[in-house]
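Here is the structure we will look at, set down as structure tokens.
Written out as structure tokens, the structure is:
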């Protein structure tokens, strides 16, 4: 009976742990501020949210000009989205080369890293999937 109670209680505890906290800009971690000022010097941070969901911690950063960046617990970039072209400096070189060679008329508006692969999104809506070494895998629709 105790075990059943525990199994029922744990999911509710994890759900109740979900918490978003708006960070004052002065409290944005240095690694994140440095990344933004290096790659988006014309787009300052306008909002920073520290998002805790169970055991996962992320930082959701909104920049002026319509750019959104997500950082993981280690303050590493895991997702970048833009309403316009992303700076070339934020795209891994091999992915950028593939996109510019095979889709010269298009530009990249998104990059995402997951456990095993990475994706780029072009402004025409096409999503290209690559492995962690930057080798093209497929078009992901």
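Residue numbers (the working numbering): 1 to 141. No residue lacks a Cβ here, since even glycine has one placed at the ideal position from N, Cα and C.
Q) From residue 82 to residue 108, what does the alpha carbon distance come to, in whole angstroms? A) 9 Å
Q: Look at residue 77 and residue 68 and say whether their C-beta atoms are less than 8 Å apart.
A: no
Q. Can you tell me whether residue 130 is buried or exposed, with buried defined as 16 or more other CB within 10 angstroms of its CB?
A. buried
Q) Between the Cα of residue 118 and the Cα atoms of 105, 92, 101, which residue gives the shortest distance? A) Minimum Cα distance to residue 118 is reached at 92.
Q: Just list the alpha helix (DSSP H) runs in the segment 39 to 107, keeping only unbroken ones of 4 residues or longer that don't cross its boundaries, in chain order.
A: 93 to 102, all fully within the segment 39 to 107.
Q: Using the Cα positions of residue 99 and residue 43, report the straight-line distance between them to the nearest angstrom.
A: 24 Å
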